[in-house]
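Written below as structure tokens is the structure these notes are about.
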Amino acid sequence: MTPEMVAQHQLSPDEYQKIVSILGREPSYTELGIFSVMWSEHCSYKSSRLHLKKLPTTGKLVVQGPGENAGIIDIGGGYVIAFKIESHNHPSFIEPFQGAATGVGGILRDIFTMGARPIAVMDSLRFGRLDDPATGARNRRILSGVVAGIAHYGNCFGVPTVGGECLFEPCYDGNPLINVFALGVCRKEDVFYAKAAGAGNPVIYVGARTGRDGIHGASMASAEFTEESKQKRPNVHVGDPFMEKLLMEACLEAMQTGAIVGIQDMGAAGLTCSTCEMGSRGGVGIEIELDRVPQRETGMTPYETMLSESQERMLLVAEKGREEEVYRVFRKWGLEAVEIGVVTSDGKMRVKEHGVTVAEIPARELADEAPLYDRPHTKPFCGAGASACQPPGLPITVQDALPALLASPDSCSKRWIWEQYDYQVRTNTIAGPGRTDAAIIRIKETGESVAMSLDGNGRYCYLSPREGAQLAVAECCRNLSTVGAEPVAATNCLNFGNPERPEIMAQLVEAIEGMADACRFFDTPITGGNVSLYNETLGEGIYPTPVMGIVGLLKTAAPLTIPFKSPGRAVVLLGGIGVCDETRFGGTGYAKEILKQLWGLPPALDLEREKRVQSAIREIVAAGLAESAHDLADGGLAVALAECSVGPAGIGAAIDLDSDLRPEVLAFHEGPSRILISTAYPGKVAAIAEQHGIGAPVVGVTIEKGMEIRQRAMTLGSWEIATLRAVYTGALESYVR
Amino acid sequence: MKFGVIVFPGSNCDHDAFYAVGTNLGQPVEFIWHDSSTLGAVDAVILPGGFAYGDYLRCGAIAKFSPVMKAVRRFANDGGLVLGVCNGFQILVEAGLLPGALIRNRGLKFICREVRLRVETTDSPFTSAARKLQILRLPIAHGEGCYFADERTLDELEAEDRIAFRYHGNPNGSLRDIAGILSRERNVMGMMPHPERATEPLMGSSDGLTVFQSMLRAGVRV
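These protein sequence lines are chains A and B, in that order.
If you count by our numbering, then the first sequence holds residues 1 to 737, one letter each, in order.
If you count by our numbering, then the second sequence holds residues 1001 to 1222, one letter each, in order.
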């Protein structure tokens, strides 16, 4: 093996030496390929594993934490939910439609591999600026392609896409982020694990045939982009959601026979990953014969077959003698199921072609002994320099700034996106996109519902990775609490640049530590997730973008939605007006859209206070005291108030704020721990707020027409609802067109 | 009254139709697998939404050849009630049980949203429980729901009072705002909006029950 071949496989000389010592000899070419994908950043987490251990992963409801295909939480009534988030960033840049589609396919397989039927999908998306003269056209094409790809796969498969988030920054120009979250449900006793067991048991391949697509996809996802990356289009997989639907139905049905011992999907690193991981988890070996692998192309080498990432394939281990029970189900669904090998007791992953061994590697060492790096990290860059801390003078008034912010791609309605998704199929969607702070899916069998929210803020994390990550956790939990759900567990997708650069590694470490603290504080253990590194193009890294997905539980009932419903209700700002100095104003949507600046630090988060606000809102919602509720986020109070006003009823509000803050800071600061509600029972709401030790000023009243913000009786702005609605709902489509 | 829900491998609203009829309408219901050549003892058949065989060709183009569609055709010819929703509607037109075609939405994008429908006739076993010109709120979720037919067919549908629903605010470019139509004998109806997704308050609307209640009424009368 020449050093060039080793380097081509993105393995370092040290890593190569480790391979030689594990094998006790030089690897064959096929073995080198197998090691290179299993030890890629994408599959091995070699740069992040050390720090991921800092995350809390246990809790009273956690049935399965990290290490399986998805985390599992007990939701009571004999049922569990399985959920996880994954990235498909690199493929989606190269081929947006198929990249995003197969991202959905991959995470759905992770869910039904666990025995759970997927019942919801959400997406966290980041793109470059749509109106940039140089890159806008490409960014619009990527956005359209990604959304169409997600729609294509999810709609056909039959899983509702119920929410998510979508933001735009120049740093995502050459590196969009496509993070897909999926959640499934099953009975507690029906959970399946990706573990092989029982020497002599047959290893069965099911689903689509293997082709040359996606070879080295995992390695591609573990490198920076260069000009040559566009040549990697053949590395992107092609998805078939109909096949995936059949595969899911057949797998879930086959699991019910009791003849299946273990099952794993073939995702990243395909046949390689599924065989060695199942063997490693079960402490056994697996021997397969490549001649038996269903192939859709002729003349594939062992190297290609083992590394192919063809989609919609599964590997399962059945009980010897009961194969026919499994085959019968797959025949019913018109799928191929072929015995390609056998479980052995020697702990080796052995691959044969025409009866000749072409690879023989200890499964445990391959799957679990990947190199582990404590990569050097500096103190992170934190907060922009003092010179930038002073915002330039006020360019526009609150009156003009609000419509401008509502029309910005970050704050505007994402209807153009979510109307392309079937968000209702399976008739469990209690609250779909755009109506509530968190999506809500009911579990028909138990009378309980699951609320879910995704959040990440790259700007905040760029200014302070630690605080930014905490803010994302707090925001997700607040979203859940605002609909009355108790947050219970989390998943995360860590999107960062090149970890070999100490300043990037520092961002990763800081973000993980901040996230760990916040998740511990809110008692939302992380049950799984994904790390996506090397998100850089031509040496330009993205903002550090950890994305949180948190789920909560609540009783099934009509949801508490965002819009004001009737005039004459008290408008209460739970958590109070909050504080914000100029340093903490530099990461806001206002600073970005109106001042075109980024400076200082993200909004200050007081975890204790945040928790009290969330307890209070849950109590208010449970008591049925609120008629509408919406948490303050991007764009602060003014944007939140507008979002409450542009609902179908067209009910607005007139508020008057008693504060010393500068008008634009008062209207647009993004201090957390604040929720805007309308209520017919301000007294009762105040009593609950007082019990929790938080402010809850009545700032105004809902009105039939228009929206008005005053500061100590001085009008900062007053708007027609129709005007606000027009800019808010029409903006995204006008950018895309 | 016993309902049967046809299950093609790519049907994905089959469970929703089953739930709407079984739980919210409170009637017996069973699934009928696509390779079955008989329907069993059912009084009405629902072809649910989804992507019958992937629909990579034309929606419903392959489904019309499935064994169960022979049975559905016989059932319809004998006067049985057949409701096709979304993909079910597409299959019914491909199979020739209803006239016209469903082509890509005018905007070329999949659309999922609540629409308002106007009941155009109450003279059918699917709409008798409604009031004429009543407005129903039902969701749509389709990429190929633009109803298309030649002028003569459209005139004929109107002349024979066979347009069951029209969009009140046309979302997909359907000719003459057509959202649902009836067969000449009025025992087969296809519609793009999803009545099964609007059968209890938690779904956001219960207006879809009207369709199933009408069928129930017709079934009991027989």
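Where a beta carbon is used, it is the ideal one built from N, C-alpha and C, also for glycine.
**OP:** Give a yes or no on contact between the stretch 246-253 of chain A and the stretch 323-343 of chain A, applying the rule of three or more CB pairs nearer than 8 Å.
**Re:** yes
Original post:
So, helix, strand or coil for S387 of chain A, using DSSP?
Top reply: Unreliable positioning characterises S387 of chain A in this predicted model, as indicated by a pLDDT of 41, which lies under 50. A coordinate reading is not provided.
**OP:** Could you pull out every residue in the same chain whose Cβ sits closer than 7 Å to the Cβ of A386 of chain A, ignoring the five residues on either side in sequence?
**Re:** Legend: pLDDT at A386 of chain A = 43, less than 50; position of this residue unreliable, no value from coordinates given.
**OP:** Indicate whether at least one CB of chain A lies closer than 9 Å to the CB of C1146 of chain B.
**Re:** For C1146 of chain B, the answer is no, since every Cβ of chain A falls outside 9 Å of its Cβ.
Original post:
What are the boundary residues of the alpha helix (DSSP H) that includes R1152 of chain B?
Top reply: 1151-1159
Original post:
Quick one: is A386 of chain A near chain B, going by C-beta distance under 9 Å?
Top reply: In this prediction, A386 of chain A has a pLDDT of 43, which is less than 50 and means its spatial position is unreliable; nothing more can be read from the coordinates.
Original post:
Got a sec? Which residues, its chain only, sit under 8 Å from T357 of chain A by beta carbon, not counting five neighbours each side?
Top reply: Excluding residues within five positions, the ones whose Cβ falls inside 8 Å are R350, V351.
Original post:
Does any residue of chain B bring its CB to less than 9 Å from the CB of M122 of chain A?
Top reply: no
Original post:
So, is the C-beta of Q98 of chain A closer than 9 Å to a C-beta in chain B?
Top reply: So no, Q98 of chain A is outside the interface.
Original post:
By the criterion of Cβ-Cβ separation under 7 Å, what are the contact partners of D995 of chain B in chain A?
Top reply: Because chain B here runs from 1001 to 1222, residue 995 of chain B falls outside it and cannot be looked at.
**OP:** Check distances from the C-beta atoms of the stretch 1073-1107 of chain B to those of chain A and list, in chain order, the residues that come in under 9 Å.
**Re:** none
Original post:
Assuming V343 of chain A and V203 of chain A make a contact with CB atoms under 8 Å, what is their CB distance in whole Å?
Top reply: 6 Å
Original post:
Which residue or residues does DSSP assign as beta-bridge partners of W39 of chain A?
Top reply: Beta-bridge pairing links W39 of chain A to no other residue.
Original post:
Which word fits K1132 of chain B, buried or exposed, when buried means at least 16 other C-beta atoms lie within 10 angstroms of its C-beta?
Top reply: exposed
Original post:
Any idea if Y1056 of chain B is buried or exposed, counting beta-carbon neighbours within 10 angstroms, 16 or more meaning buried?
Top reply: exposed
Original post:
For I688 of chain A, which residues from the same chain have a beta carbon less than 7 Å from its beta carbon, with the 5 sequence-adjacent residues on both sides left out?
Top reply: Around I688 of chain A, the same chain offers A616, E619, I620 as residues with beta carbons nearer than 7 Å, after the five sequence neighbours per side are excluded.
Original post:
In chain order, what residues of the same chain lie with their CB nearer than 6 Å to the CB of D173 of chain A, ignoring the 5 residues before and after it?
Top reply: G128, T135
Subject >> Integer Cβ distance of L573 of chain A from R674 of chain A, believed to fall under 8 Å >> reply: 6 Å
**OP:** Specify the secondary structure class of M1215 of chain B as computed by DSSP and reduced to three states.
**Re:** helix
Original post:
According to DSSP, is I1006 of chain B helix, strand or coil?
Top reply: Reduced to three states, the DSSP call for I1006 of chain B is strand.
Original post:
Between the stretch 1122-1139 of chain B and chain A, which residues of the former have CB atoms less than 9 Å from a CB of the latter, in chain order?
Top reply: P1139
Original post:
In terms of residue numbering, what span does the beta strand (DSSP E) encompassing K771 of chain A cover?
Top reply: For chain A, the structure presents residues 1 to 737; residue 771 of chain A sits outside this window and is missing.
Subject >> Selection from A:F112, A:V104, A:V326 that minimises the alpha carbon distance to P241 of chain A >> reply: Residue A:V104 is the option with its Cα nearest to P241 of chain A.
Subject >> Enclosing beta strand (DSSP E) for Q264 of chain A [first to last residue] >> reply: 260-265
Original post:
Which runs of the beta strand (DSSP E), 3 residues or longer, sit entirely within the stretch 515-597 of chain A?
Top reply: 526-532, 545-555, 570-574
Original post:
Starting from C644 of chain A and walking both ways along the alpha helix (DSSP H), at which residues does that stretch end?
Top reply: 636-645
Subject >> Through-space distance from Q1213 of chain B to Q1027 of chain B, alpha-carbon basis >> reply: Each residue's alpha carbon lies about 10 Å from the other.
**OP:** For P56 of chain A, decide whether its Cβ has a neighbour in chain B, counting only Cβ atoms nearer than 9 Å.
**Re:** No, because no Cβ of chain B sits closer than 9 Å to the Cβ of P56 of chain A.
Subject >> Reduced DSSP category for N89 of chain A - H, G, I as helix; E, B as strand; rest coil >> reply: helix
Original post:
Where do the N-terminal and C-terminal ends of the beta strand (DSSP E) with W74 of chain A fall, by residue?
Top reply: The question names Trp, but residue 74 of chain A is Asp in the sequence shown. First-last of the beta strand (DSSP E) with D74 of chain A: 71-76.
Subject >> Contact set between the stretch 188-202 of chain A and chain B, restricted to residues whose Cβ is under 7 Å from the partner >> reply: none
Subject >> Where N457 of chain A falls: helix, strand or coil (DSSP) >> reply: In the structure shown, N457 of chain A adopts coil according to DSSP, grouped into three states.
Original post:
How would you list, in chain order, the residues of chain B whose beta-carbon sits under 8 Å from the beta-carbon of G334 of chain A?
Top reply: P1009
**OP:** For S734 of chain A, count neighbouring Cβ atoms within 10 angstroms of its own Cβ and tell me buried if that reaches 16, exposed if not.
**Re:** So S734 of chain A ends up on the exposed side.
Original post:
Quick one: which chain B residues come within Cβ less than 7 Å of Q424 of chain A?
Top reply: The answer, in chain order, is C1112, P1139, A1141, R1197.
Subject >> beta strand (DSSP E) segment containing N492 of chain A, residue limits >> reply: For N492 of chain A, the uninterrupted beta strand (DSSP E) run begins and ends at 486-495, by DSSP.
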